[in-house]
Amino acid sequence: MIRRYGLAGAVGRGALVLACAAGLLTLGPGGPAPGPATVVVPPPPADPLAAARQAAGQRPQDATAWAELAIAAVDRARTTLDSGQLAEADRALARSLDLRPAQNYPAQVGSGQLANARHEFAAAREFGLRATGMAPDRAAGYAVLADAELQLGHLPAATAATQRLLDLAPTTAAYTRASYDLETHGRTEEAVLALERALELAVTPGERAFSAHRLGDLAWEQGRPEQAEQHYRHALAVQPDDHFAAFGLARTAAALGRTEEALGRYAELVTRVPQPQFLLEYAELLLSGGHRVEAAQQLATLAAEARLATGPVDLQLARYLADHGDPAEAVRLLTEEWQRRQSPLVAEELAWALHRAGRDGEALPQIRFAAGAGGAGALGAYRGGVIEHALGLPGAAELLRTALRRNPYFSVRYAADARELLG
């Protein structure tokens, strides 16, 4: 059964209208959309990527089949973090465009999704604009555009693209993007509703896993580790290689006092997928328990990744540099990234790097921009409190209390610091 949600401001039959800073986001009907009774939609393949590979192999001269393979590969990489799948997508797109260089809508969509996955957001925006210009009444181009505009900090444009996507195709892909849009504007409860709808509508294992682990992320941000843990377990039951769900189980275990379990989960995860965020949180948990040698190993891996990094700035690597490496280098990199995209996420990391470099006066407008534009979470509130404390401003204590109220487990390292500053 499809659950119907009642919210103040609902319009039409079961429609949800969620107010956000950039306008109204209408999430559409709460029940199943009416349609011809004779239409039968075939069930999706159990493994969309394997099915797309098979289709491309069977139809090697079909440009659409190759573009769909690219889209399936990028979608799988979203949870597996497998760079090989992005390389496969690149090759498939090249083949599609060789076969049909012009008016190739699926290849424009796939190229935009690949650019977003590689954090090349300006390029992704261009692909999204081309796709939506080519076919204004097809949904997939708006998904590309919504992702890119959000990451570039173009928040009204992101909301508009998300709304158009919802209007054209109120599917899991649309509702997960609606949740991001709402979360960015600090509307967490509404973001949860959007993700619950996304999970109800999910038809593939990847969609179910992604929706479930994002519900876990939102529960975590609200300081509900037990609820988050349930969502992460659901995601892994559906798709065992969802590494973000595995990461979620490690951090919830730590929050719930199961430190040895958390350390084991982190150790297993970083062996398989040495992503900066995973390594950093593992290192900080190790440091909190006095395991300095093991923590130094994780930090050394992060240092090596920072030295080798090219292209768009990885915000987690920048966070490592600010907290454990070279804050001045973090400021340099994040200033360059800020020039590329005025995103609340970049503003928050830049503010923190400036603070760590002893430049609190410059950090203050950045952290306030992040809070005002993006409804900063617990970590953002903590950072704002620390910066205001360093400047002797009266709002520091309230920001620190806000951080702990939103999520008392937000950081192994900094939650304790917030309590100490509050006395």
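Going by the working numbering, the first residue of the sequence shown is number 1252, and it counts up by one from there.
A virtual CB, placed ideally from N, CA and C, is assigned to each residue, including glycine.
Fill in: Helix, strand or coil at G1467 according to DSSP, with G and I counted as helix
helix
Discussion item. Please report the straight-line C-alpha distance between A1345 and L1644, rounded to a whole angstrom.
Written reply: 55 Å
Item to complete: Compare the C-alpha of P1595 against each of A1534, L1566, T1423 and P1299 and name the closest.
Response: L1566
Worksheet item: Is it true that the CB of Y1426 sits closer than 9 Å to the CB of L1419?
Response: no
Discussion item. Going by beta-carbon coordinates alone, are G1392 and R1376 separated by less than 9 Å?
Written reply: no
Worksheet item: Helix, strand or coil: which one does DSSP assign to R1502?
Response: helix
Fill in: L1572 vs L1584 beta-carbon contact at 9 Å
yes
Worksheet item: Between A1602 and A1614, which are expected to be in contact by the criterion C-beta below 8 Å, what is the C-beta distance as a whole number of angstroms?
Response: 4 Å
Worksheet entry | Spatial distance of Q1336 from A1307 (CA atoms) | 15 Å
Worksheet item: Alpha carbon to alpha carbon, how far is L1672 from V1443?
Response: 32 Å
Worksheet entry | Cβ distance (whole Å) where H1494 is taken to contact V1524 below 8 Å | 5 Å
Discussion item. Please classify A1647 as buried or exposed, where buried requires at least 16 other C-beta atoms within 10 Å of its C-beta.
Written reply: buried
Discussion item. Using only CA atoms, which one of T1422, S1430 and A1394 lies nearest to T1455?
Written reply: T1422
Discussion item. Within 8 Å, do at least three Cβ pairs link the stretch 1474–1494 to the stretch 1531–1541?
Written reply: no
Worksheet item: Are at least three pairs of beta-carbons, each pair with one atom in the stretch 1443–1452 and one in the stretch 1631–1641, less than 8 Å apart?
Response: no
Discussion item. Mapping the DSSP letters down to three states, classify A1386 as helix, strand or coil.
Written reply: coil
Practice prompt. Give me the Cα-Cα distance between E1339 and E1458, rounded to the nearest whole angstrom.
Written response: 20 Å
Discussion item. What does the alpha-carbon distance come out to for the pair F1461 and L1446?
Written reply: 10 Å
Discussion item. Tell me the DSSP secondary structure of A1324 in three-state form.
Written reply: helix
Worksheet entry | Short Cβ contact (9 Å threshold) for A1374 with L1396 | no
Worksheet item: Exposed or buried, which one is Q1402 when buried takes at least 16 other CB atoms within 10 Å?
Response: buried
Worksheet entry | C-alpha distance - V1226 paired with R1428, whole-angstrom precision | The chain is shown only over 1252 to 1674; residue 1226 falls outside these bounds and no answer can be derived.
Practice prompt. Ignore the nearest five residues each way along the sequence and tell me which others in A1624's own chain have a CB closer than 6 Å to its CB.
Written response: P1595
Fill in: Neighbourhood of H1370 by C-beta distance below 6 Å, restricted to the same chain and skipping five residues each side
P1563
Discussion item. So, for E1588: in the same chain, excluding its five sequence neighbours on each side, which residues have a beta-carbon less than 6 Å away from its beta-carbon?
Written reply: V1564 and V1597
Worksheet entry | Length of the line joining the Cα atoms of P1287 and I1618 | Here the model assigns P1287 a pLDDT of 35, short of 50, so the residue's position is not dependable and the matter cannot be decided.
Item to complete: Have a look at G1379, L1300, E1545 and N1367 and flag the residue whose alpha-carbon is nearest the alpha-carbon of P1357.
Response: G1379
Worksheet entry | Contact check, Y1483 vs L1507, beta carbons under 9 Å | no
Worksheet entry | Rounded C-alpha distance that separates A1581 from Q1590 | 14 Å
Practice prompt. Can you have a look at Y1665 and say buried or exposed, based on whether 16 or more other CB atoms are within 10 angstroms of its CB?
Written response: buried
Practice prompt. May I ask which residues mark the beginning and end of the alpha helix (DSSP H) holding F1661?
Written response: Looking at the DSSP string, F1661 is not in any alpha helix (DSSP H), and its letter there is neither H nor E.
Fill in: Secondary structure of L1642, DSSP reduced to three states
coil
Worksheet entry | C-beta contact flag for L1550 and H1575 at 9 Å | yes
Worksheet item: Enumerated in chain order, which unbroken segments of the alpha helix (DSSP H) with a length of 4 residues or greater are wholly contained in the stretch 1526–1612?
Response: 1527–1539, 1543–1559, 1566–1575, 1578–1591 and 1595–1607
Worksheet item: Does any CB atom of chain C fall closer than 9 Å to the CB of Q1359?
Response: Among the chains of the structure shown, chain C does not appear; only one protein chain is present.
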